[in-house]
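Engineer: For reference, the structure I am asking about is given below.
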Amino acid sequence: VKSSDASKKNETNPLTEILKCPTKVVLLRNMVGRGEVDEDLEAETKEECEKYGKVIKCVIFEIAGVCDEDAVRIFLEFERVESAIKVSQILLKKAGKCVMA
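Counted from 1, the sequence shown has number 88 at position 91 by this note's numbering; the numbering is strictly sequential.
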């Protein structure tokens, strides 16, 4: 076994972790940076995620004293677990900024 193969086996796939204990709530981090939360972000996020299922609630918190990628936390509650899983799959594959679901 090559060392690069061994390191891949030790990396945890975020989607695998999500599927171990699926829930209707998704936490999005690293969608926007500290200080970038505006009055439209909640509606825009909810609208975008409703392409994958009915969103019951969207709540956004900006946390002080943590690294920038963790500073803004967006919680989405879906009507169905399957919708939450689908959004997680889509956002984890999204190119560009690393969105953590």
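Ideal placement from N, C-alpha and C gives every residue a C-beta, glycine not left out.
Enumerate in chain order the residues of its own chain whose CB-to-CB distance from C65 is below 6 Å, with the five nearest sequence positions on each side excluded.
Structural biologist: Looking up residue 65 in the sequence shown gives position 68. Rather than Cys, the amino acid found at residue 65 in this sequence is Asp. These residues qualify, in order along the chain: G30, R31.
Engineer: Using alpha carbons as the reference points, say which of F58, I53, E59, V63 lies closest to V78.
Structural biologist: Residue numbering aside, residue 78 sits at position 81 when the sequence shown is read from its first letter. Checked all of F58, I53, E59, V63; the closest Cα to V78 is I53.
Engineer: Can you list, in chain order, the stretches of the alpha helix (DSSP H) that have 4 or more residues and sit fully within the stretch 33 to 94?
Structural biologist: If we require 4 residues or more, the alpha helix (DSSP H) runs fully inside the stretch 33 to 94 come out as 38 to 46, 65 to 68, 78 to 90.
Engineer: Per the DSSP calculation, V22 is bridged to which residue(s)?
Structural biologist: Counting from 1 along the sequence shown, the entry for residue 22 is found at position 25. E74, per the DSSP bridge assignment.
Engineer: With 16 as the cutoff for other CB atoms within 10 Å, does F75 come out buried or exposed?
Structural biologist: Within the sequence shown, residue 75 is the residue found at index 78, counting from 1. Counting Cβ neighbours within 10 Å, F75 comes out buried, since at least 16 surround it.
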